[in-house]
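Everything on this sheet refers to the single structure shown next.
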Amino acid sequence: MKMLSKKPALVLMLTMSTASFYFAQSTQDTLSKDNEIEQVVLTGVADIAKDRKTPVAVSTIKEAQIVQRLGNQEFPEILTSTPSIYATKGGGGFGDGRVNIRGFDTNNTAVMINGVPVNDMEGGTVYWSNWLGLSDVTSAMQVQRGLGSSKLAIASVGGTINIITRAADKKREGNVTVGLGNDGYLKTLFSYNTGKSATGWSSSFLMSRTAGNTYIDGSQFEAYNYYFALGYQRGKHDFQFTFTGAPQWHNQTFNNTIKTDLDMGDGKLDGVLSDKPNRRYNSNWGYLNGREYSQSVNYYSKPVASLNWDWSMTEKSKLSTVLYASWGRGGGTGILGSINGTGINALPKTSDGLIRFDDIVAWNQGQAVNWNSAVAPGTGINKVNTAPGIGGYVSATNTKNGITRRASVNSHDWYGILTNFQHKIDDSWNFSVGFDGRYYYGYHPGLVTDFLGNTQYREAGNYNQYPYYTVTQSYNASPPANPFAAAVKDKSQIVYRNYDGKVIWGGVFGQLEYSGEKLTAFVQGSASEQSNQRIDNWVWDGVSTVPAGYSTTQQGQAVERTTDQKFRFGYNAKGGVNYNINENHNVFVNLGIYSKQPNQNAIFPYVLPPKTFGSLYQQIVSKDLKNEKVESAEIGYGFKSEKLRVNVNGYYTDWKDRTQRVSGITYTKPDNTIATNGVALLTGVREVHVGAELEAFYKATSYLEFNGMFSVGNWKYKNNPTGRVTDANGDPVLTNGADSAVLALDGMKVGDAAQTTAAIGATVKPVKNLDVFATWRYYDNLYGTFSITNQYVIKDGVIPAARAEKGSLKAPSYNLTDLGASYTFSLNNGHRLIITGNVYNLFDTIYISDLRSSVKKTLSDFKTSTNTTEQAQALLNTYNANSANFYKGLDVSNNVYFGFGRTWAASVSYRF
173 MKMLSKKPAL
183 VLMLTMSTAS
193 FYFAQSTQDT
203 LSKDNEIEQV
213 VLTGVADIAK
223 DRKTPVAVST
233 IKEAQIVQRL
243 GNQEFPEILT
253 STPSIYATKG
263 GGGFGDGRVN
273 IRGFDTNNTA
283 VMINGVPVND
293 MEGGTVYWSN
303 WLGLSDVTSA
313 MQVQRGLGSS
323 KLAIASVGGT
333 INIITRAADK
343 KREGNVTVGL
353 GNDGYLKTLF
363 SYNTGKSATG
373 WSSSFLMSRT
383 AGNTYIDGSQ
393 FEAYNYYFAL
403 GYQRGKHDFQ
413 FTFTGAPQWH
423 NQTFNNTIKT
433 DLDMGDGKLD
443 GVLSDKPNRR
453 YNSNWGYLNG
463 REYSQSVNYY
473 SKPVASLNWD
483 WSMTEKSKLS
493 TVLYASWGRG
503 GGTGILGSIN
513 GTGINALPKT
523 SDGLIRFDDI
533 VAWNQGQAVN
543 WNSAVAPGTG
553 INKVNTAPGI
563 GGYVSATNTK
573 NGITRRASVN
583 SHDWYGILTN
593 FQHKIDDSWN
603 FSVGFDGRYY
613 YGYHPGLVTD
623 FLGNTQYREA
633 GNYNQYPYYT
643 VTQSYNASPP
653 ANPFAAAVKD
663 KSQIVYRNYD
673 GKVIWGGVFG
683 QLEYSGEKLT
693 AFVQGSASEQ
703 SNQRIDNWVW
713 DGVSTVPAGY
723 STTQQGQAVE
733 RTTDQKFRFG
743 YNAKGGVNYN
753 INENHNVFVN
763 LGIYSKQPNQ
773 NAIFPYVLPP
783 KTFGSLYQQI
793 VSKDLKNEKV
803 ESAEIGYGFK
813 SEKLRVNVNG
823 YYTDWKDRTQ
833 RVSGITYTKP
843 DNTIATNGVA
853 LLTGVREVHV
863 GAELEAFYKA
873 TSYLEFNGMF
883 SVGNWKYKNN
893 PTGRVTDANG
903 DPVLTNGADS
913 AVLALDGMKV
923 GDAAQTTAAI
933 GATVKPVKNL
943 DVFATWRYYD
953 NLYGTFSITN
963 QYVIKDGVIP
973 AARAEKGSLK
983 APSYNLTDLG
993 ASYTFSLNNG
1003 HRLIITGNVY
1013 NLFDTIYISD
1023 LRSSVKKTLS
1033 DFKTSTNTTE
1043 QAQALLNTYN
1053 ANSANFYKGL
1063 DVSNNVYFGF
1073 GRTWAASVSY
1083 RF
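Be aware that the sequence shown starts at 173, since it is given in our numbering, and climbs by one per residue.
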């Protein structure tokens, strides 16, 4: 297993460790055993919802639950017993998990660390592999469903996940942990908190390493985590500095068809389908020189530094400020080129379904390889490489010779400031105002990570160096040990793509809050200005010779390497009221609107045409740019007694003016021929998400507790949006006699997350210090994602039959059971030994966790210009009658992820 470079990392670890133990001298514990969030975490700028006061739907996961139950699961999976949350392992690679709240993914769910937003500023995505180390230092994880109570103008359409990390002045304690799990999982961890000294200093330190495999084959990973917090409190000032990072690399998988997983059910890729799928099968890997090797490796390091300053100016006024910075370094690998015109995923595999990497190296070096025994040697796919050792450009007719592994780098530098002034007007009223500023620069070059037997790669995509330039440097697909390493080391060694993105954000916010004996209420608003720029380093440099037939313009416009700043204004406004009827009952309601600026991909949506100077996308701003608009409302009821706590709420979210790009639209060319490469940029897509949620906790006795949740949603597309149709160059064209197309989406179910979820859990404490816990979870109404194509275009007001017949498919419902236990041995001097164990998917249930398509054969799939409707119907009937074409009612050509089978994790922790 490859390792990260240790020397710089070791120096960093030792430095922080020494600092922690230095501040451990003359300390005093400053915290009681009370587990309120405010007492163990950084809360200066974080908007923490309070029970029976903040009028939002909220669930909080405390540190003890994370320690006991997370094990070797994905970090967001700790939320699976929370209403309206659907968290899965995604492809199953380490850190590739995903989470949806009320049907919205992380592009429209705000993820925050101590109140600071961390969603990617170009696309809004959150990659959990960058943040898995936070599970070691999280004191609480609060989920606010809906627009929530955060004062910032953040993308909380579905909700907000606020991860609250430990403060430097957490009580004095050390921790050594060793964790084991299925498939070679091993985790080692050491941490120490000094508590606060008599002079006001405190520190907290943690380092850990996690390595092994996940449940799927070919999924090796290695990850480190470091965390250092230094606190100082004197008089009215409280400072907290934190520095944390989680460098990692892991092999990935991508979804197979159901048919492929059934084919591999017996461990052989032979075309014979089994009754049960091979849930471990990963089509992305093989062996190279006897070692596991993957075409798809994700590697990244994203250290984050922050300085929090809380200033209690007076008894009534407080200023909280955080300065933060993040330096992301890394990317994901993929493949360039082909062998005799055949890409790596279409090349014949070994009998057990593995990629033949040794044969790829041999072919690249000029050796004869028998790829297909049914093809004559030296012909077709078995032809010998005529340019051994050279990847990429060989001639004008062979620009993709051989197979080379490259990385798409997605590095960034991110700096921000968040400040919040709070003032208490009197015992009932208070207000706060603040500023949110961010600067982000993203680097997106491509680099060679393995020549796979070649000695060079000839890049032909930058026409400023026509016809090609030679690349001889390869880079390891692992994160740098130095967290401040240069994002791009050698600009002459770039392949595949070469562009950057720049985003500047400035926002102001304010809130007025009333808190009485029974009534609490708030109104808040924010306004923000967002600036986006795209920097394309392969745009014409103005000096190089332009090859014949190539264009330096885009959509007829001369473009610069750096676009002008595109400014967009956004805002939100929210308000809510909570009323405590008595000490047991409360009700609440909240309303909100949000005008959300489009992200970088929506601002620059046009694909670069062939033989045009540039990198992947055009420098042209969308001509149909709109802010997305969100309207949301919630109403809820709560009951709280000594033994029972119940929260019930209903929600309505209307998401308008989504931007969506649709390809494959047919149109008539000037010469009256039909083209099929038209593009419609939909700007009026609307979704409506309606649902109800219940969450309950019941303490039956001192040794028996129950928890449960139930949520049901109805998430649908609500209109038939219109999009302006263009050709591949972005120029307007006509389809059905008009320059726009209306697509039939109204009434289709929103896919990607289960719309019905339920959970029942129990914790038994038969003896002191022993917890035994079990959770049963149920998922239904999980619909597949679908590709909007030409079949959805409404013609003459008539919805196409194919659209009416297909729609989004529904995956089979499923339920899972987890079981775990934790025991604490009390030792001398207050020391403890904690043993935990968990079994996930106890009954080894086979289920589909992610339905990545909605393939359903209909009459239109069999009707051709040469057969009759009756003949097409007969072919469809024959297809449907063949049971080999279906798995639990789904066509086997659908792309899916099967969930993991039975897995386990155990740990031993020594607390001192």
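Each residue gets a CB set at the ideal place from its N, CA and C atoms; glycine is no exception.
Extent of the continuous alpha helix (DSSP H) run through residue i
i, result
"residue 145", "As displayed, the chain neither begins before 173 nor continues past 1084, which places residue 145 out of reach and without an answer."
"residue 405", "Looking at the DSSP string, residue 405 is not in any alpha helix (DSSP H); the run it does join, the beta strand (DSSP E), is 393-406."
"residue 1034", "1031-1034"
"residue 1049", "1041-1053"
"residue 241", "235-241"
"residue 829", "It is not in any alpha helix (DSSP H) - residue 829 instead sits in the beta strand (DSSP E) that spans 816-840."
"residue 691", "Segment 691-708 is the beta strand (DSSP E) holding residue 691; no alpha helix (DSSP H) there."
"residue 434", "430-435"
"residue 772", "772-775"
Residue i versus the options, residue with shortest Cα-Cα distance
i, options, result
"residue 590", "670, 480, 570 and 616", "480"
"residue 960", "851, 526 and 394", "851"
"residue 987", "998, 972, 1013 and 999", "1013"
"residue 790", "592, 980, 902 and 582", "902"
"residue 424", "397, 404 and 385", "385"
"residue 392", "427, 401 and 457", "457"
"residue 887", "367, 921 and 896", "921"
"residue 1041", "557, 463 and 1031", "1031"
"residue 858", "917, 869 and 881", "917"
"residue 860", "1017, 889, 934 and 847", "889"
"residue 975", "996, 931 and 919", "919"
Own chain, CB closer than 7 Å to residue i, minus 5 neighbours either side, in chain order
i, result
"residue 537", "560, 561 and 625"
"residue 1063", "1027, 1028, 1029 and 1057"
"residue 221", "228, 230, 314, 316 and 321"
"residue 652", "473 and 501"
"residue 206", "Residue confidence for residue 206 is low, a pLDDT of 37 falling below 50, so the modelled location carries little weight; the figure read from the coordinates is stated next. Taken in chain order, the list of residues that qualify is empty."
"residue 584", "500, 612, 613, 614 and 615"
"residue 208", "Summary for residue 208: the model assigns pLDDT 40, below 50, so the residue's position carries little reliability; its value from the coordinates is reported in the next sentence. Hits under 7 Å: none found."
Nonlocal neighbours in the same chain, by C-beta distance under 6 Å from residue i, ignoring five residues either side
i, result
"residue 928", "884, 952 and 953"
"residue 1084", "346 and 1003"
"residue 497", "477 and 587"
"residue 489", "595"
"residue 450", "433, 436 and 437"
"residue 592", "217, 492, 604 and 606"
"residue 193", "Low confidence applies here, because residue 193 scores a pLDDT of 39, under 50, leaving its location unreliable; read the following figure in that light. So no residue of the chain qualifies."
"residue 403", "340, 341, 374 and 412"
"residue 156", "The structure shown does not extend to residue 156, since the chain is modelled only from 173 through 1084, so no value can be given for it."
"residue 670", "617, 709, 710 and 787"
"residue 675", "293, 612 and 704"
"residue 1074", "1013 and 1016"
Interface flag, residue i vs chain B, CB-CB below 8 Å
i, result
"residue 226", "Of the protein chains in this structure there is only one, and it is not chain B."
Cβ separation of residue i and residue j, assumed to be a contact under 8 Å, to the nearest whole Å
i, j, result
"residue 1022", "residue 965", "Residue 1022 to residue 965, Cβ: 28 Å. No contact."
"residue 825", "residue 802", "7 Å"
"residue 713", "residue 277", "Not confirmed; about 39 Å, so no contact."
"residue 891", "residue 856", "7 Å"
"residue 618", "residue 565", "Actually they are not in contact, since the Cβ atoms of residue 618 and residue 565 sit about 15 Å apart, beyond 8 Å."
"residue 981", "residue 955", "7 Å"
"residue 990", "residue 962", "So it is not a contact: roughly 45 Å between Cβ atoms."
Span of the beta strand (DSSP E) around residue i
i, result
"residue 907", "Residue 907 -> no beta strand (DSSP E), and no H or E assigned at all."
"residue 563", "562-564"
"residue 634", "From DSSP, residue 634 is part of no beta strand (DSSP E); its letter is neither H nor E."
"residue 148", "Residue numbering for the chain in the displayed model covers 173 to 1084; residue 148 lies beyond these limits and cannot be assessed."
"residue 603", "601-622"
Sequence-distant residues of the same chain with beta carbon closer than 8 Å to residue i, five excluded per side
i, result
"residue 1044", "1031, 1034, 1035 and 1036"
"residue 792", "726, 727, 729, 731, 776, 778 and 902"
Exercise for the section: Say whether the stretch 684-697 touches the stretch 744-763, bearing in mind that this needs 3 or more beta-carbon pairs closer than 8 Å, one atom from each stretch. Expected result: Three or more beta-carbon pairs separated by less than 8 Å link the stretch 684-697 to the stretch 744-763, which places the two stretches in contact.
Exercise for the section: Count the C-beta pairs between the stretch 235-253 and the stretch 296-306 that are closer than 8 Å, then say yes if the count reaches three, no if not. Expected result: Three or more beta-carbon pairs drawn from the stretch 235-253 and the stretch 296-306 are found closer than 8 Å, and the two stretches are therefore classed as touching.
Problem - Three or more C-beta pairs below 8 Å linking the stretch 730-743 and the stretch 767-776 - result: Taking 8 Å as the limit for Cβ pairs, the verdict is that the stretch 767-776 does touch the stretch 730-743.
Exercise for the section: May I ask you to verify whether the stretch 326-346 touches the stretch 267-283, counting CB pairs closer than 8 Å and requiring at least 3? Expected result: Flag = yes, the stretch 326-346 and the stretch 267-283 touch.
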